[in-house]
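Protein chains in written order, with numbering that gives the first Met the number 0: chain A, 0 to 443; chain B, 0 to 443; chain C, 0 to 483; chain D, 0 to 483. Beneath this line is the structure, given in structure tokens, with notes to follow.
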Amino acid sequence: MSSFEFIPNTPEDQRKMLAEIGLADVEELFADIPAEVLKRFKPIGLEPLSELEVKRLVTELAQQNAHTEQYVSFLGGGVYDHYVPAIISHLVLRGEFLTCYTPYQAELSQGTLTWMFEFQTMICELTAMEVANSSMYDGGSALAEAMLMAKNITGRTKFLVAKSLNPYYRRCLETYAWGAGLELIDVPFTQDGQLDRSALSAHDLAGVIVQTPNFFGVIEDLTGLKELIKDALLIVSANPIALGVLAPPGVFGADIVVGEGQPLGIPQSFGGPLLGIFATRMSYVRRMPGRMAGRTLDAAGNVGYVMALQTREQHIRREKATSNICTNQALMGLMATIYLATLGRRGLRRLAELNLQKAHYLAEKISRLPGFALRFSGPFFNEFVIQTRKKPTRLLKTLRDEGFLGGLDLAPYDLLDGNNLLIAVTEKRTRDEMDRFVKALKGA
Amino acid sequence: MSSFEFIPNTPEDQRKMLAEIGLADVEELFADIPAEVLKRFKPIGLEPLSELEVKRLVTELAQQNAHTEQYVSFLGGGVYDHYVPAIISHLVLRGEFLTCYTPYQAELSQGTLTWMFEFQTMICELTAMEVANSSMYDGGSALAEAMLMAKNITGRTKFLVAKSLNPYYRRCLETYAWGAGLELIDVPFTQDGQLDRSALSAHDLAGVIVQTPNFFGVIEDLTGLKELIKDALLIVSANPIALGVLAPPGVFGADIVVGEGQPLGIPQSFGGPLLGIFATRMSYVRRMPGRMAGRTLDAAGNVGYVMALQTREQHIRREKATSNICTNQALMGLMATIYLATLGRRGLRRLAELNLQKAHYLAEKISRLPGFALRFSGPFFNEFVIQTRKKPTRLLKTLRDEGFLGGLDLAPYDLLDGNNLLIAVTEKRTRDEMDRFVKALKGA
Amino acid sequence: MGTTIFDLGEESRTGLRLPALDVPEKNLTELIPPGLIRKEDPKLPNVSQVEVVRHYTKLSRMNYGVDNGIYPLGSCTMKYNPRINEDMARLPGFAHAHPLQGDELSQGALKLMYELGEYLCAIGGMDAITLQPAAGAHGELTGMLLIKKHFERTKELHKRTKILLPDSAHGTNPASAAIVGFEVVPIPSDRRGLVDLEALKAHLNESVAGIMLTNPNTLGLFETDILEITKLVHDVGGFVYYDGANLNAIVGRARPGDMGVDIVHYNLHKTFSTPHGGGGPGSGPVAVVKKLEPYLPVPRIVKEKGKYSLDYKRPHSIGKVHSFYGNFGVLVRAYTYIRMMGDAGLKAVSTHAVLNANYLRARLSKYYKAPYDRICMHEFVLTTKGMSEEIRTLDVAKRLIDYGVHPSSIYFPLIVPEVMMIEPTETVSKEELDRFADALIAVAHEMQENPQMLKEAPHAVPVYGASVRRLDEVRAAKEPILRG
Amino acid sequence: MGTTIFDLGEESRTGLRLPALDVPEKNLTELIPPGLIRKEDPKLPNVSQVEVVRHYTKLSRMNYGVDNGIYPLGSCTMKYNPRINEDMARLPGFAHAHPLQGDELSQGALKLMYELGEYLCAIGGMDAITLQPAAGAHGELTGMLLIKKHFERTKELHKRTKILLPDSAHGTNPASAAIVGFEVVPIPSDRRGLVDLEALKAHLNESVAGIMLTNPNTLGLFETDILEITKLVHDVGGFVYYDGANLNAIVGRARPGDMGVDIVHYNLHKTFSTPHGGGGPGSGPVAVVKKLEPYLPVPRIVKEKGKYSLDYKRPHSIGKVHSFYGNFGVLVRAYTYIRMMGDAGLKAVSTHAVLNANYLRARLSKYYKAPYDRICMHEFVLTTKGMSEEIRTLDVAKRLIDYGVHPSSIYFPLIVPEVMMIEPTETVSKEELDRFADALIAVAHEMQENPQMLKEAPHAVPVYGASVRRLDEVRAAKEPILRG
Ligand SMILES: Cc1ncc(COP(=O)(O)O)c(C=O)c1O
Ligand SMILES: Cc1ncc(COP(=O)(O)O)c(C=O)c1O
């Protein structure tokens, strides 16, 4: 057996250890495995490779992907090409953050527990909610968990779901709803792309689920919505960067606020790992899924942090737990924490404004081109739908040849008729890039 | 004034601090600078840029360079395309290693002092010398410093220098020699590319300077050389990777061993930062330039490390110091330390063998091509000279178009007649790459 | 200690400047209706970049990770996380790829996922796989949904209402089953620490949708009756779900598929060396037998004529459980690891994981009670029950901290009182095992000679000048302070 | 503590596997003459990768860096090192470029160097530059060689034998001058802490090759007579060398070139934010007036018709001082920094560097003696001389460690006895300045009330469980143990 760099013990170590155990051969350690099972074993058929060889191999795979340092990207739809400050990767790569687990031993985990507490505070501030957990898997599953929580709180099973919800989130909702025996009822959108309130009539609702800005980039007006739906819970999925400039769901009486935290300093990474955000009212805290840090004191009276309200969790409550979640997306939570700390109060607002202003610049330019029109009249943040005369597939192909990831063709989602392109603009896009993009669109 | 992310203090902080100082305006702090000087001031003409913008700008510059993850490289001549294990960059990026300075306060620097001690030990082991310092600037200046040290030890000024020395090192030697009033005398090389011992006749020598493997890749036979040159110092510049398989200079009685440490896990980085290696006899330690860590005890009797023999150094001895070096290449020393620890005893030998075997495979293949011949018959390690019928400039151009950095054209160095190409082969080169290279050469 | 980033900084400091706006600026109220504009900024910190770096550097130094030494959390497989994995996941073609850029522009990512799926199927002896679940529990949920879907199609759902669950199971198992509406039926463990076959049989009938098994189980014991168990469950028409959290014990030498298992989830953040990140991200791919393949989440990754694509056309699929394709970055790391280790390496993993556990067990069972004192797999349990009147396992764990090592898992599994569950992994050297064993043995002596020492532990975990003493969890539960 | 990597591991462990040999293996003795083959392997460690990572992680935790807090080493400009610099230097086009790949394939690197040279010339008010020196002292040596070359050409070398040097100068200055064979003539400082003009005049004659000036000098004081000094030296035909180590005090608002300086070196690892790395690498570019340009090292980086190239055709050049073009990776970092800061940022640097120093000076000079009690530049000196019979500055420094802050430089410059030389830099917040000042003030009180406390300091620097007490430097000097 050749020696592997990740396995320290040598044949000599092995000999000594077997002696202590009282065995002659390592295979005896596996005597409990039925011989039949061992006999059936077949290897994968892979030779071990050295780091040098694996690096070459995997790098070649990476080079077969397009990416947003190579293409100028206008792709959004849930994952955005925001700028990730350099310090984030450096800090989260510190072994003490990267290689620890859930802070079971609080005294050896004050670093993790402290940033969890900071993260929770920041999410509360962003959303204007009272309490937040320290992460869920992603925006889609966080929304599904919010739905399950609303069912547990209300004891009801019917949910109204905005048709303008991100269709990927919608599919997650459907999976979980089917699994948990819940009913989802569509709420259409109006001409301006917002929730059609006239359709909010159902009785006996567990909750109403809306997203803002919604899948089309349109900002929902949540004013008075909570009042309208009465004791049903208002569940809002929000883009955290947009909350730098948009009134937060909390001020409109939202009961649960979730969202995709990827825009907060997390690389796009082909759609994962992402970061599920989850916040609610303090009165619902014992129904909330996910881990939380709480402030306490140590034996000497100093402030410190521990995991709080663990009695909600599966390792204690088992089938009665608020959720089955255990491993979460902690490191992404740390990234978001560092990101928000780095930008700071005014930085986040300014960032949101850059997104907003640039998106409007581009939207205006494109909609002035013949054959292109803004699909919705509602207000938008950093993403908007363009109705095109030509087929988006063709447009996108031409744009790609000129170095652009030109946006998302909405045809597969079956939400709108005609040809529609969803275009996202972040702070990374320059006027020059946008002008070239408009020119390319025009020529396409 | 906009606020910069690297400058914490705010206008309000500034106000409070000026009050404490007793001044009204920051400009008063600069009252000692003559008004004329201030008046003459002209800015560079650069607007501040955000990190996002600078990253884009600098990335574009980087993309205008070829590099060895893009080209298959056979370039050597002092800097080699060896594999750098992933852990090195991760470990040296830890802030406590990266952002500290010279370990003036030993109690806050045990990390740095410990690896310095380890590095010194490893270099002694590699070279079979008694004592090593913790780094010099690079291979060229380390060799120059060795020459100055030999002058100080012997009180003489004449040096024999092998003509087969790396010409870049040679130019460094010439600069320092001229500065210090020393005389350099050429020693030619034989047909097999080794030092011509018959030319070793000069009297009153301070030292003899040879390199192994030399610039042509040929391994020098140092046997009996020290005896031949008597009380002149034998100064050897050696490739540390080659020492995994070659008898070290120490066993041949070398007095000073220097070398370029870049092969030990340090990126090529367009030729810098590199790592100067420097080792000598214990009896010369007080003449040695550079920083060293030494083992000692703390007040509780525990083992610890401090900077040793500082009385040699410029901050104490000033014009009588052994050298003027102060800031060195510490972080590169740490990289080499981690590299050697990672490879380990057998790993280094195996690595050296891979280099040796692959280089010979390629040399043989190429020399079988019509119009190509091995220039020297002497033994070589991982680099060799090929005499070509066609002009190297033309060959290299064709090779480049096929994705190769095809080696170094020796014409500019004026050491050999005819057309000559210096070709280096490291463990990174695969048989497939070499076979394609041979094919490309054939077709070129 | 205790200081958060909110305690630092001053109004008007920033950690990052942004580019100037390079398009004509419009009035905010032209773009957003006034009622929808944020009135009050979120109270985020205002700190310079220097302060950010110093604060989080300091916080990191208050943590203990695998990089700091042995971290023998049972059931967590805290093995070394190779740094090459991190570099590979950060390659621009992976880190900056957009999930919706289209198959044509994503061939490298799709190929990696496809191949990883193949490797995991081969490792598990299974037929098909989804990489979408973001963690083990997510995989369990997916597995439960697959079973539900199957019985929905076979129109048995009304009667297939129960999931059998050994009482040693991890809490995520019952919680996952419950989400999908299954009734959880606990199966007791017998004196061997294994599934009580008689008790199991007593529950086997047509109401059983399936059983969730962890093997080796959370006592670190291999279910020697596994072939009989899977047969019995199959005989009543149920499925066998295999919680692969403990795959490290058998990887490279035995496969769940060869035990008659129908569904298995892998924890890439355990067996396949991806870092735990303070709690995540993980990845919990789920592999199944042919029969269940139609129900796997969409999109599937398919290969046709050397081209890879995302396939959504699966009419019987349960749908999606993740916004996109799962924790892709984690998949890159696991792929890298599997390719480095190869078959021989993976076999060496289980060899040394089990050897290390047994070595510790052999040394420690002389000083602590081993409720199941026999050859274990990759982990084992000890208990302090009956060793002292006043000392609990919690005290032992806290005292270990004073010795500079990380304690094991404690109080899990629930069926052993005052339990310690110890999993060293294969990446720990004999010297480090000895250091850990010596510490635990020293504490066993102290338990008798100086119990107060344990009760007051830890005495001082040096965190950056200050030090932490034992933290009051009861206080945190009674009056939760969950934000600053 | 004390443990080295050699104390770890076991024969036959490795931290990295290598690829298998993929060409036919030949016998070693066929390739190398037996006498030249290594007989005994070097005794390198034999450790697994896990052990490497843990050991160096542990060592790092025994260090204090800028990332850990204020690091006020006078004359060292320990400012924050932006991480974006590190990312830029690691871009493949920089990190993996070979120095001899030719101009055509190196346009990005050459452009960066060319532009950086232009920026540095503009910052210094100089005409031409070399980026080759690897550190400040290397720059000084280069400067001395330039002067020597000039006088060789003018055939004055025989008489131009002296370099004048203020007694406050850094040790590298005289050492650099000595290497080139110049005689070093110390010039005393006057009561102001500045060059004693009368003493200077007394030495000015045709034997003077030049003067090396640090400005602000190492007392943190600006040489207010600088214009007169440069004129006086020029009048006798000498050159003025400007040690730019302290450029942080004036960057963005005053230029050595405008003071009549002929040669200036920059420390990119001080003023321009590149990390100190435990002692290096640094970078010490040297800029000169037109007259000295012909002597600059080869190759020069030149631009012609938008193309950049390395120019070796400089017949009067002193030659090379570095194997290639200097510490290129450090140049990338400095370039990144300068572009981020721009003119406004660089001016803010000197503003805050000087403000911070004066704030500390104002607070501390009430408790320690300030030999030159006036507005300082970016740093200042204090002394403990006369404050206590038994306590030395060394004790004060060691006691500061107990307060969790890094001491200042001590015992430099040599002209002030028992000196502390304090340079906070602009990247430290007021809160952190106050924390440092509070600590130093507390120690001043302790000096009177509990001197033993200082003499025994530090009491316990928590390094990973263990702790360091004061280390015995005398022992290390008497019986040097320099390898394991
Ligand atoms: C046996 C077992 N099953 C399931 C899980 C849940 O896995 P995850 O935390 O990845 O959701 C764990 C996690 O610790 C476990 O130990
Ligand atoms: C005033 C002064 N001059 C010169 C130097 C030497 O610079 P370097 O260490 O980069 O060689 C220093 C370094 O600390 C210094 O403070």
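A virtual CB, placed ideally from N, CA and C, is assigned to each residue, including glycine.
Which stretch, first to last residue, makes up the alpha helix (DSSP H) that contains residue i?
| i | result |
| --- | --- |
| F271(C) | Premise fails: F271(C) is in no alpha helix (DSSP H) and is neither H nor E. |
| Y304(B) | Where Y304(B) is concerned, there is no enclosing alpha helix (DSSP H), although the beta strand (DSSP E) it sits in stretches over 302-306. |
| T58(A) | 50-61 |
Beta-carbon of residue i versus every beta-carbon of chain D: anything under 8 angstroms?
| i | result |
| --- | --- |
| Y360(B) | yes |
| A105(B) | yes |
On the DSSP bridge list, what partners appear for residue i?
| i | result |
| --- | --- |
| V160(A) | D185(A), I208(A) |
| H264(C) | D242(C), V285(C) |
| E303(D) | K306(D) |
| R294(B) | Y304(B) |
| F403(A) | V71(A) |
| I128(C) | A286(C) |
| S445(B) | This structure does not reach residue 445(B), given that chain B is present from 0 up to 443, and the question cannot be answered. |
| E352(B) | DSSP output for E352(B) lists no bridge partner at all. |
Any heavy atom of ligand 4 closer than 7 angstroms to the CB of residue i?
| i | result |
| --- | --- |
| T111(A) | Among the ligands present in this structure, namely ligand 1 and ligand 2, ligand 4 is not found. |
Which bits of chain A does residue i rub up against, with CB to CB less than 9 angstroms?
| i | result |
| --- | --- |
| K38(C) | A246, V250 |
Check the Cβ-Cβ distances between residue i and every residue of chain C, and say whether any is below 8 angstroms.
| i | result |
| --- | --- |
| Y79(D) | yes |
| H81(B) | no |
| D195(D) | no |
For the beta strand (DSSP E) holding residue i, just list the boundary residues, first then last.
| i | result |
| --- | --- |
| G142(D) | No beta strand (DSSP E) holds G142(D); the alpha helix (DSSP H) holding it covers 135-152. |
| I83(D) | First-last for I83(D): 82-88, but that is the alpha helix (DSSP H), not the beta strand (DSSP E). |
Going along chain A in order, which residues have a C-beta closer than 8 angstroms to the C-beta of residue i?
| i | result |
| --- | --- |
| G14(D) | E4 |
So residue i contacts chain B; which residues on that side make the cut at Cβ distance below 9 angstroms?
| i | result |
| --- | --- |
| H321(D) | Y136, D137, G139, S140, Y167, C171, G270, G271, L273 |
Say whether chain B places a C-beta atom closer than 8 angstroms to the C-beta of residue i.
| i | result |
| --- | --- |
| A423(A) | no |
For residue i, which residues from the same chain have a beta carbon less than 7 angstroms from its beta carbon, with the 5 sequence-adjacent residues on both sides left out?
| i | result |
| --- | --- |
| V46(D) | I4, L7, G8, R12, G14 |
Got a sec? Which residues, its chain only, sit under 8 angstroms from residue i by beta carbon, not counting five neighbours each side?
| i | result |
| --- | --- |
| F371(B) | I365, I385, Q386, T387, R388, L440 |
| T336(A) | W114, E117, F118, M121 |
Going along chain B in order, which residues have a C-beta closer than 7 angstroms to the C-beta of residue i?
| i | result |
| --- | --- |
| R82(C) | A85, I86, H89 |
| P280(D) | P272, Q328, L330, M331 |
Find the residues of chain D that neighbour residue i, judging by a C-beta separation of less than 8 angstroms, and give them in chain order.
| i | result |
| --- | --- |
| E50(C) | S428 |
So is residue i in contact with chain A if we call contact Cβ pairs under 8 angstroms?
| i | result |
| --- | --- |
| R93(B) | yes |
Who are the neighbours of residue i on chain C, taking C-beta pairs under 9 angstroms?
| i | result |
| --- | --- |
| S74(D) | Simply none; closest approach about 21 angstroms. |
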